[in-house]
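If you use UniProt numbering, the sequence shown corresponds to residues 1 to 81, in order.
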Amino acid sequence: MAFIFKEISHRTTAPVLVDEDKCIADKGCTVCVDVCPMDLLAIHPESNKAYMQFDECWYCMPCEKDCPTDAIQVNIPYLLK
C-alpha cells in the first residue's frame with residue numbers, strides 16, 4: 001500500500017490516508033473530494049491521485065465509506081472512538 005503523506009509532513013499520521021495503488025482519481029473519480037464537507041481532499045496535479053491538503057478533518061467518514069475502491073482510510077483518534 002502506497003499511502004500519500006504529501007502536504008501534512010509535520011504529523012506522524014495524517015487523519016486521512018489515501019492508498020495510491022487503489023485510488024482511481026487519475027481515471028476521473030472524484031468521489032472523496034466531492035463528499036468531504038470540509039474540502040480537505042484534492043486531486044494532486046502531478047500524480048492525479050487524491051490527497052489530504054489540509055489537516056482539519058472532522059472524522060465524518062463519507063470519504064472512506066463512499067470510495068468505490070476502498071482507497072481511503074480515516075484514522076479516528078483514540079479519544080473520539
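In this text, a Cβ means the ideal position worked out from N, Cα and C, and glycines have one as well.
Please read these numbers as outputs of a predicted model, since none were measured by experiment.
For Val-35, the CB contacts under 7 Å within the same chain, skipping 5 residues up- and downstream, are Pro-62, Cys-63 and Asp-66 in chain order. CA-to-CA, the gap between Tyr-51 and Leu-41 works out to about 6 Å. The beta-carbon separation of Ala-25 and Lys-49, rounded to 5 Å, stays under the 8 Å limit for a contact.
Asp-34 sits in a helix when the DSSP states are folded into three classes. Around the CB of Ile-76, fewer than 16 other CB atoms lie within 10 Å, so the residue is classed as exposed. A straight-line Cα-Cα distance of about 16 Å links Leu-17 and Tyr-78.
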